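Here the sequence shown stands for residues 1 to 200, where the numbers follow UniProt numbering.
Report on one structure; see the data block that follows.
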Amino acid sequence: MEFVYYWTHSDLPATAGQVRFRLTSANDPFLFESGSDLRKPDGTPWAILLARLLRAHGRSANSFVQTLLDDGLASKDFINSNYFPLYEKLRLHAKSLLIETPDDMYPVSFPRSTLNISAILSDGAAQVRLVLDDQPWVEDLKLAEPEKRVNDHARLQLSDNSTPRLQVVRIFAPSGAQLDSSLPSIQIVKWWGQTGVFRS
(Lines of atoms letter the chains of each structure in order from A and count residues from 1; the text may use other names and numbers.)
(Lines give C-alpha, C1' and ligand atoms only; values in the text may rest on other atoms or scores of the structure.)
Protein backbone atom coordinates (compact mmCIF):
# COMPACT_ATOMS: atom_id res chain seq x y z
CA MET A 1 0.00 0.00 0.00
CA GLU A 2 1.01 3.62 -0.41
CA PHE A 3 0.80 6.57 1.95
CA VAL A 4 1.22 10.12 0.69
CA TYR A 5 2.97 12.25 3.30
CA TYR A 6 4.69 15.59 3.77
CA TRP A 7 8.42 15.34 4.49
CA THR A 8 10.56 17.94 6.22
CA HIS A 9 13.79 17.72 8.22
CA SER A 10 15.18 19.75 11.11
CA ASP A 11 18.40 20.40 9.11
CA LEU A 12 16.53 22.20 6.38
CA PRO A 13 14.49 25.38 6.01
CA ALA A 14 10.72 24.91 5.81
CA THR A 15 10.86 25.90 2.14
CA ALA A 16 12.53 22.54 1.38
CA GLY A 17 9.36 20.57 2.20
CA GLN A 18 8.49 17.64 -0.07
CA VAL A 19 5.59 15.31 -0.82
CA ARG A 20 6.70 11.67 -0.74
CA PHE A 21 5.16 8.21 -1.12
CA ARG A 22 5.71 5.63 1.64
CA LEU A 23 5.28 1.96 0.67
CA THR A 24 4.01 -0.55 3.26
CA SER A 25 3.01 -4.21 3.18
CA ALA A 26 -0.60 -3.47 4.14
CA ASN A 27 -3.02 -0.58 4.50
CA ASP A 28 -2.17 -0.01 8.15
CA PRO A 29 -0.90 3.36 9.46
CA PHE A 30 1.05 1.51 12.18
CA LEU A 31 3.29 0.08 9.44
CA PHE A 32 4.32 3.55 8.24
CA GLU A 33 7.59 3.68 10.21
CA SER A 34 8.69 0.24 8.98
CA GLY A 35 7.85 1.06 5.35
CA SER A 36 10.17 2.52 2.74
CA ASP A 37 9.89 5.52 0.46
CA LEU A 38 9.22 5.05 -3.23
CA ARG A 39 12.49 5.61 -5.08
CA LYS A 40 13.49 6.82 -8.51
CA PRO A 41 15.70 4.68 -10.80
CA ASP A 42 18.79 6.50 -9.47
CA GLY A 43 18.00 5.35 -5.92
CA THR A 44 16.92 8.71 -4.46
CA PRO A 45 13.44 9.23 -2.94
CA TRP A 46 10.68 10.13 -5.35
CA ALA A 47 9.41 13.53 -4.25
CA ILE A 48 7.46 16.60 -5.34
CA LEU A 49 9.01 19.76 -3.94
CA LEU A 50 6.68 22.26 -2.31
CA ALA A 51 7.99 24.93 -4.69
CA ARG A 52 6.91 22.77 -7.63
CA LEU A 53 3.44 22.22 -6.19
CA LEU A 54 2.89 25.92 -5.72
CA ARG A 55 4.26 26.78 -9.14
CA ALA A 56 2.18 24.15 -10.94
CA HIS A 57 -1.14 24.68 -9.19
CA GLY A 58 -0.97 28.10 -7.57
CA ARG A 59 -1.15 28.94 -3.91
CA SER A 60 -4.91 29.10 -3.58
CA ALA A 61 -6.40 26.37 -5.80
CA ASN A 62 -4.31 23.53 -4.41
CA SER A 63 -5.99 20.87 -2.31
CA PHE A 64 -2.73 19.51 -0.94
CA VAL A 65 -1.58 22.93 0.21
CA GLN A 66 -4.97 23.37 1.85
CA THR A 67 -4.39 20.09 3.69
CA LEU A 68 -1.04 21.42 4.96
CA LEU A 69 -2.82 24.51 6.25
CA ASP A 70 -5.67 22.52 7.82
CA ASP A 71 -3.25 20.14 9.57
CA GLY A 72 -1.06 22.95 10.89
CA LEU A 73 1.98 21.85 8.85
CA ALA A 74 2.26 25.24 7.17
CA SER A 75 0.92 28.73 7.80
CA LYS A 76 -0.75 31.10 5.35
CA ASP A 77 2.10 33.57 5.88
CA PHE A 78 4.58 30.86 4.89
CA ILE A 79 2.65 29.75 1.80
CA ASN A 80 2.12 33.37 0.73
CA SER A 81 5.70 34.46 1.44
CA ASN A 82 7.87 36.10 -1.20
CA TYR A 83 10.09 33.00 -1.42
CA PHE A 84 8.07 30.79 -3.76
CA PRO A 85 7.20 33.40 -6.44
CA LEU A 86 10.95 33.93 -6.94
CA TYR A 87 11.15 30.62 -8.82
CA GLU A 88 8.97 32.03 -11.57
CA LYS A 89 10.36 35.56 -11.38
CA LEU A 90 13.94 34.30 -11.74
CA ARG A 91 12.94 31.58 -14.21
CA LEU A 92 14.33 28.87 -11.98
CA HIS A 93 13.46 25.22 -12.40
CA ALA A 94 11.24 24.01 -9.55
CA LYS A 95 14.05 21.65 -8.48
CA SER A 96 16.62 24.46 -8.31
CA LEU A 97 18.39 25.12 -5.02
CA LEU A 98 17.23 28.53 -3.81
CA ILE A 99 18.73 29.37 -0.41
CA GLU A 100 18.08 32.36 1.82
CA THR A 101 21.59 32.57 3.38
CA PRO A 102 24.96 31.05 2.38
CA ASP A 103 24.87 29.00 5.61
CA ASP A 104 21.63 27.20 4.69
CA MET A 105 21.69 23.44 4.38
CA TYR A 106 19.98 21.82 1.40
CA PRO A 107 19.16 18.35 0.11
CA VAL A 108 21.45 17.09 -2.63
CA SER A 109 22.31 13.66 -4.04
CA PHE A 110 25.74 12.24 -4.83
CA PRO A 111 27.72 11.37 -6.87
CA ARG A 112 27.38 14.37 -9.15
CA SER A 113 29.83 16.51 -11.11
CA THR A 114 28.13 19.93 -10.88
CA LEU A 115 25.74 21.82 -8.63
CA ASN A 116 23.88 25.10 -9.22
CA ILE A 117 22.88 27.27 -6.25
CA SER A 118 20.88 30.49 -6.11
CA ALA A 119 20.87 32.77 -3.05
CA ILE A 120 18.14 35.33 -2.41
CA LEU A 121 19.10 39.01 -2.52
CA SER A 122 16.97 42.06 -1.79
CA ASP A 123 16.63 42.70 -5.52
CA GLY A 124 16.63 39.15 -6.88
CA ALA A 125 19.11 36.31 -6.50
CA ALA A 126 22.80 35.54 -6.97
CA GLN A 127 23.65 32.37 -8.85
CA VAL A 128 26.75 30.20 -8.84
CA ARG A 129 27.71 26.97 -10.57
CA LEU A 130 30.04 24.53 -8.83
CA VAL A 131 32.23 21.90 -10.48
CA LEU A 132 32.81 19.19 -7.88
CA ASP A 133 35.69 16.81 -7.33
CA ASP A 134 35.01 13.07 -7.52
CA GLN A 135 33.09 11.47 -4.65
CA PRO A 136 34.57 7.95 -4.35
CA TRP A 137 33.26 7.69 -0.76
CA VAL A 138 29.78 6.87 -2.10
CA GLU A 139 31.14 3.61 -3.51
CA ASP A 140 33.82 3.06 -0.84
CA LEU A 141 31.25 3.21 1.98
CA LYS A 142 28.81 1.11 -0.09
CA LEU A 143 26.17 3.78 0.34
CA ALA A 144 24.63 3.17 -3.06
CA GLU A 145 24.68 0.55 -5.78
CA PRO A 146 26.63 1.28 -8.98
CA GLU A 147 24.95 3.93 -11.15
CA LYS A 148 22.78 5.05 -8.23
CA ARG A 149 22.93 8.04 -5.91
CA VAL A 150 22.71 8.58 -2.18
CA ASN A 151 20.63 11.34 -0.62
CA ASP A 152 22.47 13.87 1.57
CA HIS A 153 22.23 17.25 3.27
CA ALA A 154 25.08 19.65 2.57
CA ARG A 155 26.12 23.29 2.78
CA LEU A 156 28.94 25.49 1.55
CA GLN A 157 32.03 25.66 3.74
CA LEU A 158 33.29 29.16 3.03
CA SER A 159 36.73 30.71 3.37
CA ASP A 160 37.87 34.23 2.47
CA ASN A 161 41.11 33.13 0.86
CA SER A 162 40.37 29.89 -0.92
CA THR A 163 37.80 28.09 -3.02
CA PRO A 164 35.00 26.83 -0.76
CA ARG A 165 34.20 23.21 -0.13
CA LEU A 166 30.88 21.45 0.02
CA GLN A 167 30.44 19.94 3.48
CA VAL A 168 28.16 16.92 3.77
CA VAL A 169 26.34 17.15 7.10
CA ARG A 170 24.07 14.11 6.88
CA ILE A 171 23.85 11.00 4.70
CA PHE A 172 20.70 8.95 4.25
CA ALA A 173 21.70 5.35 3.64
CA PRO A 174 19.49 3.21 1.35
CA SER A 175 18.26 1.39 4.46
CA GLY A 176 16.87 4.68 5.76
CA ALA A 177 19.55 5.05 8.45
CA GLN A 178 20.95 8.56 8.94
CA LEU A 179 24.72 8.95 9.16
CA ASP A 180 25.92 12.16 10.79
CA SER A 181 29.54 11.55 11.80
CA SER A 182 32.85 11.34 9.90
CA LEU A 183 31.24 12.88 6.85
CA PRO A 184 33.16 13.98 3.76
CA SER A 185 34.02 17.48 2.63
CA ILE A 186 33.91 17.73 -1.16
CA GLN A 187 36.46 19.87 -2.96
CA ILE A 188 35.05 22.39 -5.42
CA VAL A 189 37.31 22.28 -8.46
CA LYS A 190 35.89 25.46 -9.92
CA TRP A 191 33.04 27.86 -9.30
CA TRP A 192 31.78 30.85 -11.20
CA GLY A 193 28.94 33.33 -11.18
CA GLN A 194 28.21 35.87 -8.44
CA THR A 195 30.65 34.26 -6.03
CA GLY A 196 31.25 37.41 -3.96
CA VAL A 197 27.74 37.23 -2.52
CA PHE A 198 28.47 33.81 -1.04
CA ARG A 199 31.58 35.10 0.74
CA SER A 200 29.90 38.08 2.41
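Heads up, the beta-carbon is just placed ideally off N, CA and C, and yes, glycines get one too.
The structure presented is a predicted model; accordingly, all values stated were derived computationally and were not measured.
*Beta-carbon gap between LEU49 and ALA94 smaller than 9 Å*: yes
*Leaving aside the five residues before and after LEU132 along the sequence, list all residues of the same chain whose C-beta is less than 8 Å from its C-beta, in chain order.*
ARG112, SER113, THR114, LEU115, LEU166, ILE186, GLN187, ILE188 and VAL189
*Go ahead and pull the three-state DSSP assignment for PHE3.*
Here PHE3 sits in strand by DSSP.
*With a 10 Å radius around its C-beta and 16 neighbouring C-beta atoms as the bar for buried, classify SER109 as buried or exposed.*
With 16 or more other Cβ atoms within 10 Å, it is buried.
*Residue span of the beta strand (DSSP E) that contains PHE172, given as start and end*: Residues 165 to 172.
*May I have a chain-ordered list of the beta strand (DSSP E) segments no shorter than 3 residues that lie completely inside the segment 38 to 68?*
47 to 49
_Using CA atoms only, rank isn't needed, just tell me which of GLU139, LEU92, ASP140 and PRO136 is closest to ILE120._
LEU92
*Could you give the residue range of the alpha helix (DSSP H) that holds TYR87?*
85 to 89
*Given that a residue counts as buried once 16 or more other Cβ atoms are within 10 Å of its Cβ, and exposed if not, what is VAL168?*
buried
*asked:* I'd like the list of long-range same chain contacts for ALA51, defined as Cβ closer than 6 Å, with 5 residues on each side in sequence excluded.
replied: PHE84, TYR87 and ALA94
_Backbone CA spacing between TRP192 and ARG129 [nearest angstrom]_ = 6 Å
*Can you tell which of GLY43, GLY124, ALA14 and VAL4 has its C-alpha closest to the C-alpha of TYR106?*
Of the listed residues, the one whose Cα sits closest to TYR106 is ALA14.
*For ALA26, count neighbouring Cβ atoms within 10 angstroms of its own Cβ and tell me buried if that reaches 16, exposed if not.*
By the neighbour-count rule (16 or more Cβ atoms within 10 Å), ALA26 is not buried but exposed.
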